[in-house]
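Engineer:
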Amino acid sequence: MQPQQETKSNPDIQGSTKGILKYLGPALITSALVLGPGSLTLSSKMGALYGNQLLWIVLVTVIFMMIYTEMSTRIGIAAKSSFIQVIKNRWGRWGGLLIGIGAFLVTASFQAGNSIGIGVAASAIVGLSPEVWIIVLTIVGVSLLFAKDFYNILEKAMLSLVLLMLLSFLVTVFITKPSIGDIGSGIIPSIPAGSLGLIIGFTATSFSIVGASYQSYLVKEKGWKRDVAKQGIKESYLGIFLLGLISALVMIAAAAVLKPEGIQVNSIEEMGIALEPIYGNWATVIFMLGLFGASFSSLMGNATIGGAMISDGFGFGSKLHNMKVKLGIIAVMLFGSIVALIFGGSPVTMIIFAQAVTIIVVPFIAVALLVVANDETIMDDLKNTWFKNVLGILGLIVLVILAINNVINIFLS
Numbered sequence: 002m003q004p005q006q007e008t009k010s011n012p013d014i015q016g017s018t019k020g021i022l023k024y025l026g027p028a029l030i031t032s033a034l035v036l037g038p039g040s041l042t043l044s045s046k047m048g049a050l051y052g053n054q055l056l057w058i059v060l061v062t063v064i065f066m067m068i069y070t071e072m073s074t075r076i077g078i079a080a081k082s083s084f085i086q087v088i089k090n091r092w093g094r095w096g097g098l099l100i101g102i103g104a105f106l107v108t109a110s111f112q113a114g115n116s117i118g119i120g121v122a123a124s125a126i127v128g129l130s131p132e133v134w135i136i137v138l139t140i141v142g143v144s145l146l147f148a149k150d151f152y153n154i155l156e157k158a159m160l161s162l163v164l165l166m167l168l169s170f171l172v173t174v175f176i177t178k179p180s181i182g183d184i185g186s187g188i189i190p191s192i193p194a195g196s197l198g199l200i201i202g203f204t205a206t207s208f209s210i211v212g213a214s215y216q217s218y219l220v221k222e223k224g225w226k227r228d229v230a231k232q233g234i235k236e237s238y239l240g241i242f243l244l245g246l247i248s249a250l251v252m253i254a255a256a257a258v259l260k261p262e263g264i265q266v267n268s269i270e271e272m273g274i275a276l277e278p279i280y281g282n283w284a285t286v287i288f289m290l291g292l293f294g295a296s297f298s299s300l301m302g303n304a305t306i307g308g309a310m311i312s313d314g315f316g317f318g319s320k321l322h323n324m325k326v327k328l329g330i331i332a333v334m335l336f337g338s339i340v341a342l343i344f345g346g347s348p349v350t351m352i353i354f355a356q357a358v359t360i361i362v363v364p365f366i367a368v369a370l371l372v373v374a375n376d377e378t379i380m381d382d383l384k385n386t387w388f389k390n391v392l393g394i395l396g397l398i399v400l401v402i403l404a405i406n407n408v409i410n411i412f413l414s
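Position one of the sequence shown corresponds to residue 2 (our numbering), numbered consecutively onward.
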């Protein structure tokens, strides 16, 4: 009788041979919320300027993101309380508050870009002004929070949006007919002249330690226990792999379309518009569907991180059915939409502020994840192996370098 009960209690993680979708859940949400207009803009810009020469940075970033997302998955399974509460128990209340407030400030500061993305994409597909769609889709996002089972709706929405992105950008790559040889050569690391800034920007955007840390919360929402640790680890790898694949597809398409024409893009919307003269309006619509998927998934996911983690930081709880968590999520959504409507995007001062916050918060979260993942009293047999520690420390070094770069750009330039 016991095996039958286990199968019923975890229907989404048993019988993995029935289909690859059985593995998709928390990490799918993590990859969808990380893959927003900002990372896609940088992917298209790198492709437009340098062709496929920078594909290797996608691979490197995905590896580091996989390590920390998988680490967070194991913490979510092994720890009896949430990640922030574990940190409070180890380092005191200030440690948890720093993570919670930092996550809220960072997600809120970049939320305007997601609002702009959904507005522009919906306008290009359906018509009406971007401002109208920002208002409408923000209301839709807030309304979803009050559904009976928000987590399951969020998971299904993210699955749909990721599949939409994947299909959209796969079709885009298919119609642009890229060079297979160029794609292969792009896996070999090289730093073309003038590309370092884009490499740093893409790494900072796609290697989201805040997003990785929230994976532990999603695992607890899912109700995973130690008996499904192996499936959870596989799921974390697969979800982040999709993040990298979609970024690579955008870069490959930009390399095939924009670089030969000498077209430089400053936003992902310009990439979609640039397709129309060559392939027709339908190509632009297909691309914009992918942009819509990226923007709306980040709009929802980004706000969910900020709202849940600041609530947990103040000790109000982190479960998505908690009204205080919902209010925090709504605050991030409304803040992003209002800023987008007033300024047309995130003001430079707000971006600088967000970068200043990440200088402290991001390396701190990475250290906290490493410390908890190596604590045998919490993790037991799920603690880090030496190999994962090596990769985790390398990832931490990358984050510290990014923080130093922010210090130089903000305070010394």
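Note that CB positions come from ideal geometry on N, CA and C, so glycine has one too.
Keep in mind the model is a prediction, meaning the values are calculated, not measured.
1. Count the other CB atoms within 10 Å of the CB of Ala-194; is the residue buried (16 or more) or exposed (fewer)?
2. How would you label Ile-287, buried or exposed, when you count the other beta carbons within 10 angstroms and need 16 or more for buried?
3. Considering only their Cβ atoms, is the gap separating Ala-284 from Asn-53 smaller than 8 Å?
4. Under 8 Å, do Met-334 and Val-211 count as touching if we go by C-beta distance?
5. Three-state secondary structure (DSSP) at Val-408?
6. Suppose you measure from the CA of Thr-108 to the CA of Lys-178; what does that come to, to the nearest Å?
7. Have a look at Leu-219, Lys-46, Met-324 and Val-127 and flag the residue whose alpha-carbon is nearest the alpha-carbon of Ser-196.
8. Can you tell me where the alpha helix (DSSP H) with Lys-325 in it begins and where it stops?
9. DSSP on Trp-134, reduced to helix/strand/coil?
10. Any chance the segment 199 to 211 sits against the segment 257 to 277, with 3 or more Cβ pairs inside 8 Å?
11. Using only CA atoms, which one of Ser-299, Thr-42 and Ser-248 lies nearest to Leu-171?
12. Determine the extent of the alpha helix (DSSP H) in which Gln-112 is found, giving its start and end residues.
13. Given a cut-off of 8 Å on the beta-carbon distance, is the pair Gly-273 and Met-252 in contact?
14. So, are the CB atoms of Met-72 and Leu-370 less than 8 Å apart?
15. Whose CA, out of Gly-37, Val-373 and Met-301, lies closest to the CA of Gly-291?
16. Would you please state the rounded distance, in angstroms, between the beta carbons of Phe-315 and Gly-101? I believe it to be under 8 Å.
17. In the DSSP assignment, find the unbroken alpha helix (DSSP H) run with Lys-231 in it and report its ends.
18. Tell me whether Trp-225 sits in a helix, a strand or coil according to DSSP, three-state version.
19. Val-266 by DSSP, collapsed to three states: which one?
20. Taking the C-alpha atoms as reference points, what is the distance between Asn-323 and Ala-304?
21. Confirm, please, whether the CB-CB distance from Ala-309 to Leu-321 is below 8 Å.
22. What's the C-alpha gap between Pro-131 and Leu-34?
23. Would you report the Cα separation of Thr-378 and Phe-175, rounded to the nearest angstrom?
24. Which class does Asp-150 belong to by DSSP, given the choice of helix, strand or coil?
25. On the criterion of 16 or more Cβ atoms from any shown chain inside 10 Å, does Ile-409 qualify as buried, or is it exposed?
26. Quick one: is Leu-60 buried, meaning 16 or more other Cβ sit within 10 Å of its Cβ, or exposed?
27. Would you mind giving the Cβ-Cβ distance between Gly-302 and Met-159, rounded to the nearest angstrom? I have them listed as a contact below 8 Å.
28. Hey, Gly-294 and Ser-169: beta-carbon distance below 8 Å or not?
29. Taking 7 Å as the cut-off, is the beta-carbon of Glu-277 closer than that to any non-hydrogen atom of the ligand NAD?
30. So what's Phe-170 in DSSP terms, helix, strand or just coil?
Structural biologist: With the structure as the only source:
1. One-based indexing of the sequence shown puts residue 194 at position 193. The C-beta of Ala-194 has fewer than 16 other C-beta atoms within 10 Å across all chains shown, which makes the residue exposed.
2. In the sequence shown, counting from the first residue as 1, residue 287 sits at position 286. Of the residues assessed, Ile-287 falls on the buried side of the cut-off, its CB having 16 or more other CB atoms within 10 angstroms.
3. Here residue 53 corresponds to residue number 52 of the sequence shown, with the count starting at 1. Here residue 284 corresponds to residue number 283 of the sequence shown, with the count starting at 1. No, they are not a contact pair.
4. Numbered from its first residue, the sequence shown carries residue 334 at position 333. Numbered from its first residue, the sequence shown carries residue 211 at position 210. The answer is no: Cβ separation not under 8 Å.
5. The residue you call residue 408 lines up with position 407 of the sequence shown. Reduced to three states, the DSSP call for Val-408 is helix.
6. Taking the first residue of the sequence shown as 1, we reach residue 108 at position 107. Taking the first residue of the sequence shown as 1, we reach residue 178 at position 177. Cα atoms of Thr-108 and Lys-178: separation of roughly 36 Å, rounded to the nearest angstrom.
7. For the purposes of this step, residue 196 is identified with residue 195 of the sequence shown, where counting begins at 1. Residue Lys-46 is the option with its Cα nearest to Ser-196.
8. What you label residue 325 is simply residue 324 of the sequence shown in a count that begins at 1. Where Lys-325 is concerned, the enclosing alpha helix (DSSP H) stretches over 324 to 344.
9. What you label residue 134 is simply residue 133 of the sequence shown in a count that begins at 1. Correct three-state label for Trp-134: helix.
10. no
11. Taking the first residue of the sequence shown as position 1, residue 171 is located at position 170. Checked all of Ser-299, Thr-42 and Ser-248; the closest Cα to Leu-171 is Ser-248.
12. Sequence index remark: in the sequence shown, residue 112 carries index 111 (1-based). Counting along the chain, the alpha helix (DSSP H) containing Gln-112 begins and ends at 94 to 127.
13. Counting from one through the sequence shown, the residue named residue 273 turns up at place 272. Counting from one through the sequence shown, the residue named residue 252 turns up at place 251. No, these two residues do not count as a Cβ contact at 8 Å.
14. In the sequence shown, residue 72 corresponds to position 71, counting from 1. In the sequence shown, residue 370 corresponds to position 369, counting from 1. For Met-72 and Leu-370, yes; Cβs fall inside 8 Å.
15. Looking up residue 291 in the sequence shown gives position 290. Ranking Gly-37, Val-373 and Met-301 by Cα distance to Gly-291 puts Gly-37 first.
16. Here residue 315 refers to the residue found at position 314 when the sequence shown is read from its first residue. Here residue 101 refers to the residue found at position 100 when the sequence shown is read from its first residue. Between Gly-101 and Phe-315 the Cβ distance is about 7 Å, and since that is below 8 Å, they are a contact.
17. Translated into the one-based positions of the sequence shown, residue 231 becomes position 230. Run containing Lys-231: 230 to 262, per the alpha helix (DSSP H) assignment.
18. Residue numbering aside, residue 225 sits at position 224 when the sequence shown is read from its first letter. Judged by DSSP in its simplified three-state form, Trp-225 adopts coil rather than helix or strand.
19. The residue given as residue 266 occupies position 265 in the sequence shown. Assigned with DSSP and collapsed to three states, Val-266 falls in coil, not helix or strand.
20. Working through the sequence shown from its first residue, we reach residue 323 at position 322. Working through the sequence shown from its first residue, we reach residue 304 at position 303. Roughly 15 Å separates the two Cα atoms.
21. Residue 321 sits at position 320 when you count from the first residue of the sequence shown. Residue 309 sits at position 308 when you count from the first residue of the sequence shown. Closer than 8 Å, so yes.
22. Along the sequence shown, read from residue 1 onward, the residue named residue 131 stands at position 130. Along the sequence shown, read from residue 1 onward, the residue named residue 34 stands at position 33. If you take the alpha carbons of Pro-131 and Leu-34, they lie about 21 Å apart.
23. Stepping through the sequence shown from its first residue, residue 378 is reached at position 377. Stepping through the sequence shown from its first residue, residue 175 is reached at position 174. Cα to Cα, the separation comes out at about 51 Å.
24. Position 149 of the sequence shown holds residue 150. If DSSP states are grouped into helix, strand and coil, Asp-150 belongs with coil.
25. Your numbering for residue 409 matches position 408 in the sequence shown. Ile-409 is exposed by the Cβ-count criterion.
26. For the purposes of this step, residue 60 is identified with residue 59 of the sequence shown, where counting begins at 1. So Leu-60 counts as exposed.
27. Translated into positions along the sequence shown, residue 302 becomes position 301. Translated into positions along the sequence shown, residue 159 becomes position 158. Yes, Gly-302 and Met-159 are in contact; Cβ-Cβ is about 7 Å, under 8 Å.
28. Start at 1 with the first residue of the sequence shown, and residue 294 comes out as number 293. Start at 1 with the first residue of the sequence shown, and residue 169 comes out as number 168. Their beta carbons are under 8 Å apart, which means Gly-294 touches Ser-169 by this criterion.
29. For the structure depicted, the ligand NAD is absent and the ligand set is empty, with no information on it obtainable.
30. Within the sequence shown, numbered from 1, the residue matching residue 170 stands at position 169. Looking at Phe-170 - three-state DSSP - the assignment turns out to be helix.
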